[in-house]
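Working notes, beginning with the structure itself.
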Amino acid sequence: MARTSRDIRSANRLTVVQQVVAAGTTSRQRLAADTGLSLGTVATLVGELTTLGLLTEAGREDSGGGRPRGLVTADPHGGLLVGVDVAETYVHVDLFDTTLTRLAGAEEPLHPLERRPHQVVRHIVSGVDAVLAGTDARVLGVGVSVPGQVDREGGVSVFAPNWDWHDVPLRDLLADGLALPLHLDNPLRAAVLAELWAGAARGRDDVAVINLGTGVGAGLAFGGTLYRGGSNSAGEWGHTTLVLDGRLCRCGSRGCVEAYVGAPGIMQTLRDLAPTSPLLHPEDQTATLDALAAALAADDPTAAKVVAETARYLGVAVADLVNLINPEVVVLSSWVADRLGDRLRDEVRTVVAQHALRRPLAATEIVRSPVAGNPVSLGAATLALEGFLTRGR
2 MARTSRDIRS
12 ANRLTVVQQV
22 VAAGTTSRQR
32 LAADTGLSLG
42 TVATLVGELT
52 TLGLLTEAGR
62 EDSGGGRPRG
72 LVTADPHGGL
82 LVGVDVAETY
92 VHVDLFDTTL
102 TRLAGAEEPL
112 HPLERRPHQV
122 VRHIVSGVDA
132 VLAGTDARVL
142 GVGVSVPGQV
152 DREGGVSVFA
162 PNWDWHDVPL
172 RDLLADGLAL
182 PLHLDNPLRA
192 AVLAELWAGA
202 ARGRDDVAVI
212 NLGTGVGAGL
222 AFGGTLYRGG
232 SNSAGEWGHT
242 TLVLDGRLCR
252 CGSRGCVEAY
262 VGAPGIMQTL
272 RDLAPTSPLL
282 HPEDQTATLD
292 ALAAALAADD
302 PTAAKVVAET
312 ARYLGVAVAD
322 LVNLINPEVV
332 VLSSWVADRL
342 GDRLRDEVRT
352 VVAQHALRRP
362 LAATEIVRSP
372 VAGNPVSLGA
382 ATLALEGFLT
392 RGR
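In terms of the working numbering, the sequence shown has 145 at position 144, counting the first letter as 1, and numbering is strictly consecutive.
See below:
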C-alpha cells in the first residue's frame, strides 16, 4: 500500500522521538542533521510532540557565535508504556516511561499445558495489572509480542505452531480485561525495534536480529527501518530448511533451523549425545538450558559438545543470512542466547567464518544483544509508542 501524508508524518514523529531518546538532550538543528528532515519540518514535529507531552524544552546551548540553540529532551512524565513478551514458557511484562526507562516488571511462568488462548490472556492481563498497580499516570498503550505469525492490523494471532493456534482474535480477547490501547506483533519485530532504539542496531542500516528461544527467527531492518514483508511475515528464517529430511519441526516441516537451535532442538541434541545426562530435564526447557549453562561454565564436556553442535547448525544458518542480506550486524538475542552467552557467540563466529563469503562477512559483526533486561518487552513498548503517535494526529 502507498503511504499517505499522515503515514509519513507519523513515521517522522517516531523518528524524531527515537533520535531524542537516543541522544538524551539535543537541539532541533542536530535533529535535522541526524534525520535528514528540514529544520522547518523538525521544528513543527517538535512542537507537535511537545503538545502531546512526549518532549519538553531543556534549556539552551551556545551555537558558536549565533543565537543560543534551544534544546529538547524526552519528558519522563509524558505517560507510561507497557511492553509484554509472551513466550512459550512465560509471560513477561515491563512498564516504561517515555524515555524508555524501565519502571517496573512482572513475570509469570506458563505451564506446558497452558496453551489455550484464554489461559495465556489471563496471564497477560494479570501481568499488566501488576505493573500498573498504584499508578494513576496516563497509559499511552500496551504492546504485546506473541509467537508466530500475527496480523497486527486485525489484532489476530494467525498461526502459532508451538500452541497450534490458528486465527485467534487475541486483541479482542485482551480487550475484555484491559481497557487500554493494544498493539500486537511478534518477537522478531519487537527484538529488532529494541536493538534499533537501544541496542546493537542503533545507528546501523542493515541488521538481522536472531531470536533464540523456544521458537527461532530473524528480525530484519533495512535502511535503519524495520522490514515486515508483504504480510508482516518476514523473518521466518527459523522455518527455512537446514537439513534435508531432518528432524520434525513443530511447524510440520522437516529439517528447519528451529528444530536444531531452538530450546527443544538443543534438548534433542543433548538427548542424542547423552541420553541419560543429568543435565536433561525432559519436560522443562528452562531448567535444561540453565543446567547446560552452569555445566558449560564448569567445563563439562557434555555441555561443551552440545553447545559446539548447536553452534555448528546455527553458524551455517547465519552464514546463509550473511550471504543473502549482507547485514552490518547480526545480533544474537533472547533467553537461549543469554543463557549460552559468549561461548555460543564465539563458536558461531568461527563456523560463520568457514561458510560465509569473504566480502559480505568482512562487513558483518556478530554480537550478543547489549539490551539490558528483556529486549522483546522493550521493543513491544515502542510498538505502543508508535501506535500512540499514529492515533495522536
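Heads up, the beta-carbon is just placed ideally off N, CA and C, and yes, glycines get one too.
My understanding is that residue i touches residue j, with C-beta atoms under 8 angstroms, so please give their C-beta distance in whole angstroms.
i, j, result
"Arg27", "Leu72", "Note that residue 27 is Thr in the sequence shown, not Arg. With a Cβ gap of about 7 angstroms, Thr27 and Leu72 count as contacting."
"Val121", "Val87", "6 angstroms"
"Arg205", "Glu329", "5 angstroms"
"Arg14", "Leu390", "5 angstroms"
"Val323", "Thr365", "5 angstroms"
"Asp285", "Arg340", "So it is not a contact: roughly 13 angstroms between Cβ atoms."
"Gly142", "Gly388", "5 angstroms"
"Val92", "His124", "4 angstroms"
"Gly263", "Gly247", "With 8 angstroms as the limit, Gly263 and Gly247 do not qualify as a contact, their Cβ atoms being about 13 angstroms apart."
"Ala382", "Leu82", "4 angstroms"
"Asn163", "Arg251", "5 angstroms"
"Gly156", "Ser378", "So it is not a contact: roughly 18 angstroms between Cβ atoms."
"Gly266", "Ala275", "Their Cβ separation, rounded to whole angstroms, is 15 angstroms, which puts Gly266 and Ala275 out of contact at 8 angstroms."
With a threshold of 6 angstroms on Cβ separation, who are the neighbours of residue i within its own chain once the five nearest residues in sequence on each side are excluded?
i, result
"Ala318", "Leu243, Val258"
"Gly236", "Leu189, Gly218, Ala219, Gly220, Leu221"
"Ala296", "Leu280, Ala304"
"Ala105", "Leu96, Val132"
"Val353", "Gly316, Val319, Ala320"
"Glu115", "none"
"Ser11", "Leu390, Thr391"
"Ser64", "Arg70"
"Leu386", "Leu82"
"Val94", "Val85, Ala107, Gly128, Val129, Val132"
"Pro170", "Val157"
Residue i: which of the options sits nearest, CA to CA?
i, options, result
"Val331", "Val210, Arg272, Asp291, Pro371", "Val210"
"Val151", "Arg251, Arg229, Arg313", "Arg229"
"Ile9", "Thr57, Thr42, Asp186", "Thr42"
"Leu96", "Gly25, Thr391, Gly374", "Gly374"
"Gly149", "Gly135, Glu310, Asp165", "Asp165"
"Ala201", "Val159, Val92, Pro376", "Pro376"
"Arg153", "Arg61, Ser64, Pro276, Gly231", "Gly231"
"Gly224", "Asn233, His240, Val145, Asp207", "Asp207"
"Thr52", "Ala59, Arg61, Gly79", "Gly79"
"Ser146", "Arg117, Asp168, Leu185, Arg392", "Leu185"
"Ala180", "Arg139, Gly155, Asn187", "Arg139"
"Asn187", "Ala199, Gly144, Pro170", "Gly144"
"Ala199", "Thr289, Val372, Gly155", "Val372"
"Ala294", "Asn327, Gly342, His356, Thr136", "Gly342"
"Ser278", "Gly60, Asp130, Pro302, Arg4", "Pro302"
"Leu325", "His356, Ala299, Asp300", "His356"
By Cβ distance, which residues of its chain are closer than 8 angstroms to residue i, with the 5 residues on each side in sequence left out?
i, result
"Arg1", "Summary: the structure shown does not reach residue 1, with the chain confined to residues 2 through 394, and so no result is reported for it."
"Leu333", "Ile211, Leu213, Leu345, Arg346, Val349, Ile367, Val368, Arg369, Ser370"
"Thr16", "Thr36, Leu38"
"Leu227", "Arg190, Val193, Leu194, Leu197, Gly220, Leu221"
"Ala44", "Arg29"
"Gln20", "Thr27, Leu32, Asp35, Thr36"
"Val159", "Gly149, Gln150, Val151, Asp152, His167, Asp168"
"Gly253", "Pro162"
"Thr241", "Cys257, Val258, Ala318, Asp321"
"Thr351", "Ala312, Gly316"
"Glu62", "Ser28, Pro69, Arg70, Leu72"
"Asp98", "Pro77, His78, Gly79, Gly80, Leu81, Leu82, Leu104"
"Leu249", "Arg255, Ala260"
"Ala1", "It is not possible to answer for residue 1, since the shown part of the chain is limited to 2 through 394."
If you drop the 5 nearest sequence neighbours on each side, which residues of the same chain put their C-beta closer than 7 angstroms to that of residue i?
i, result
"Thr30", "This sequence places Gln at residue 30; Thr is not what is there. Excluding sequence neighbours, Gln30 sits near Leu40, Arg70."
"Thr100", "Val22, Ala75, Pro77"
"Thr287", "Thr90"
"Asp321", "none"
"Ser127", "Glu109"
"Leu245", "Gly256"
"Gly25", "Thr74"
Less than 7 angstroms separating the Cβ of residue i from some heavy atom of the ligand ADP?
i, result
"Thr365", "Inclusion of the ligand ADP in the displayed structure is not the case, the ligand content being empty and no account of it being possible."
Would you say residue i faces chain C, with C-beta separation under 8 angstroms as the test?
i, result
"Glu58", "Looking at the structure shown, chain C is missing, and only one protein chain is on hand."
Is the region 28-39 touching the region 215-224 in the sense that three or more CB pairs, one from each, lie closer than 8 angstroms? no
Please determine if the region 267-282 and the region 306-313 are in contact, where contact requires at least 3 C-beta pairs separated by less than 8 angstroms. yes
For the region 100-113 against the region 340-358, are there 3 or more C-beta pairs whose distance is under 8 angstroms? no
Would you be able to state if there are at least three C-beta pairs under 8 angstroms between the region 346-366 and the region 169-185? no
Length-filtered (4 minimum) alpha helix (DSSP H) runs lying within the region 22-50: 29-36
Which residue spans inside the region 312-349 form an unbroken beta strand (DSSP E) run of at least 3? 330-334
Ignoring anything shorter than 3 residues, give me the beta strand (DSSP E) runs that lie fully in the region 161-204, in order along the chain. 166-169, 183-186
Beta strand (DSSP E) segments (min. 3 residues) lying fully within the region 111-164: 140-146, 150-152, 157-161
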